[in-house]
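Count along the sequence shown starting at 1, add 3, and that's the number in the working numbering. We put the beta carbon where it would ideally sit given N, CA and C, even for glycine. Source: prediction; values computed, not measured. Shown next, in structure tokens, is the structure this report addresses.
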Amino acid sequence: MTLSRRRFLTTAAVATLAFPALVRARNLNSQIQIAAVGCSGKGHSDILEVGSHAKAKFVALCDIDSARFGGIDIKYPGLTHYADFREMFAKLGDNFDAVTVSTPDHMHALPAISALRLKRHVYCQKPLTHTVWEARQLRLEAAKSGVRTQMGNQIHSAKEYRTGVKLIQSGRIGKILAVHTWHPNTGNGYTKLTGLPTPGPVPSGLSWDLWLGTAQTRDYAPTVYHPFNWRDWVDFGSGTMGDFGCHLLDPVFTALKLGAPISVKADSVGANEQTWCEQQTIEWTFPGTEYTHNDTLKVTWYDGGRLPDLALALMPPGKTFTKAGSIFIGEHGVMMLPHVAMPLLFPEEKFGKNLNPGELARRARAKDKPTDKVAVDLPDFVEGSSHYHAWVDAILEGHETTDNFAYAGPLTEAVQLGNVASRFSGQKLEWDAATMKFPNLPAAEKLLTKTYRKGWEI
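Encoded structure:
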């Protein structure tokens, strides 16, 4: 009897868990065969980045729009195209080991959880899911499956965020009192619409039914949804919070080891049943951790042009906030972590310009000979790595990633709780993570999930 590739890979991985990583990699001498769901835009870059690993081999491509295969076909010619991921999974059978999911938010959870139930490794774009309930289901399913998972907020592995995390955890500015995070985005031009747009003909090659997937039936409208502007729409995207929250709040969660919040409150403008807010401030209260000063910690989000009080940053006159980022307010100073650039420490009269991690990184890259004072601080600089290769390496070597669904699930839950709060502006929502309930406002619980179209349920 011959072993299938799947049985071979599984047997080899299990049989070599007790050996060093190098030995395991040698024993696992076959490439990881990967299928892609979503092939253009972010899907295109995800495929290229994952595929640049020497042990990664793409074997099939899926996209609901046949016009979206052109770019990736140049790099990977001859691969079979599919429009429906369910058909692709069924026809591939044992002949794939892993999947990348790079689709609109409303179609993250279904292909991802389908792959997990088949014991396939999953790389899924941020936000991990479209709803709080979906994030919980993916986390639980990933734990049962035993496969390797990774959320696609790639800056998690970048030197900028890793250096910021190390600065916080090393106590450079002391225990953290509060965090403020901001992004200027006001949506993609559809946040003010309260009704459906004018329908139009579906382009040749686009399967509109497959694009809708889990969402309720509606008419196609040219340029409004596909391929980009779906982010503004409640049924398909997660607004600015979903687009950037899993990026900007990631180093906050990582550095402070945050989990589930105990409450969330929003001050939002423009929320309606069709589209997300134009502008919002969201405040979560988290239980304190070893890195926070108090028993609880407030993390505040601003978008749509809103910003924290500039005085909180302790910057010298004439300086202002970066376009997007966070400030960590500590007992002994402030760290500003831009999106995406090296962290900055304030006040300068305390930390000094030469001690600034951004300058340290520049010197490290340029191999400058630092002064003795600067040399003491060089260990605070942390090199980055490929977020995509980390996932493939985890599959090969049998270890977890740092951005697996056990971590990404709670982060996504918090992000999507912010979106729930945005629909109840001005009301503090107490959150019981264990029961997934709002004890003081049960009416908000209906927004923890959504109604799935028949045949597309999870």
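#### Entry: Integer-rounded CB distance, given that residue 314 should sit under 8 Å from residue 337
Actually they do not touch by this definition, with Cβ atoms about 10 Å apart.
### Query
Which residues mark the beginning and the end of the beta strand (DSSP E) in which residue 127 is found?
124 to 128
### Query
For the alpha helix (DSSP H) that residue 450 lies in, which residues bound it at each end?
No alpha helix (DSSP H) contains residue 450, which DSSP labels as neither H nor E.
### Query
Quick one: Cα of residue 340 to Cα of residue 398, how far?
31 Å
### Task
Pick helix, strand or coil for residue 343, following the three-state DSSP scheme.
coil
### Query
What three-state label does DSSP hand residue 287 in the structure shown?
strand
### For residue 391, three-class secondary structure by DSSP
helix
### Task
Let me know if residue 268 comes out buried or exposed under the rule of 16 or more other beta-carbons within 10 Å of its beta-carbon.
buried
### Query
Around the Cβ of residue 57, are there at least 16 other Cβ atoms within 10 angstroms (buried) or fewer (exposed)?
exposed
#### Entry: Unbroken alpha helix (DSSP H) run spanning residue 91, endpoints
88 to 95
### Message
Measuring only the C-alpha atoms, how far is residue 296 from residue 354?
### Response
20 Å
### Query
Nearest to residue 418 by CA position, among 276, 255, 437, is which residue?
255
### Query
In three-state terms, what does DSSP make of residue 85?
strand
### Message
Do residue 395 and residue 63 count as a contact pair if the criterion is CB distance below 8 Å?
### Response
no
### Message
Rounding to the nearest angstrom, what Cα-Cα distance links residue 312 and residue 403 in this structure?
### Response
39 Å
#### Entry: Inter-residue spacing [alpha-carbon to alpha-carbon] between residue 450 and residue 132
14 Å
### Task
Drop a sphere of 10 angstroms on the beta-carbon of residue 348, count the other beta-carbons inside from all chains shown, and report buried for 16 or more, exposed for fewer.
buried
#### Entry: Span of the alpha helix (DSSP H) around residue 118
112 to 120
### Cα-Cα separation between residue 244 and residue 84, rounded to whole angstroms
33 Å
### Query
If you drop the 5 nearest sequence neighbours on each side, which residues of the same chain put their C-beta closer than 8 Å to that of residue 443?
431, 432, 433
### Query
Can you give the Cα-Cα distance for residue 413 and residue 141, rounded to whole angstroms?
10 Å
### Exposed unless 16 or more other CB atoms sit within 10 angstroms - verdict on residue 90
exposed
#### Entry: Cβ separation of residue 278 and residue 226, assumed to be a contact under 8 Å, to the nearest whole Å
Incorrect: roughly 15 Å between the Cβ atoms, too far for contact.
#### Entry: Distance, residue 246 Cα to residue 326 Cα
15 Å
### Task
Would you tell me roughly how many angstroms separate the C-alpha atoms of residue 135 and residue 420, rounded to the nearest one?
7 Å
### Message
Quick check on this structure: which residue in 282, 251, 286 has the alpha carbon closest to the alpha carbon of residue 265?
### Response
286
#### Entry: Expected contact under 8 Å - CB spacing of residue 202 and residue 222 to nearest Å
3 Å
### Message
Beta-carbon within less than 7 Å of residue 170's beta-carbon, same chain only, minus the 5 sequence neighbours each way: which residues are those?
### Response
338, 346, 360, 383
### Query
Going by other Cβ atoms of all chains shown within 10 Å of its Cβ, with 16 needed for buried, is residue 156 buried or exposed?
buried
### Query
Where does residue 76 fall in DSSP's three states?
helix
### Message
Taking a contact to mean a Cβ-Cβ separation below 8 Å, would you say residue 50 touches residue 343 in this structure?
### Response
no
### Minimum Cβ-Cβ distance from residue 402 to chain C less than 8 Å
The chain labelled as chain C is not found in the depicted structure, where only one protein chain is given.
### Query
Who are residue 65's beta bridge partners in DSSP?
40, 85
### Message
Short of 8 Å in beta carbon distance, which residues of its chain neighbour residue 350, apart from the five on each side in sequence? Order them along the chain.
### Response
317, 318, 319, 336, 337
### Query
Is the beta carbon of residue 179 sitting closer than 8 Å to the one on residue 252?
no
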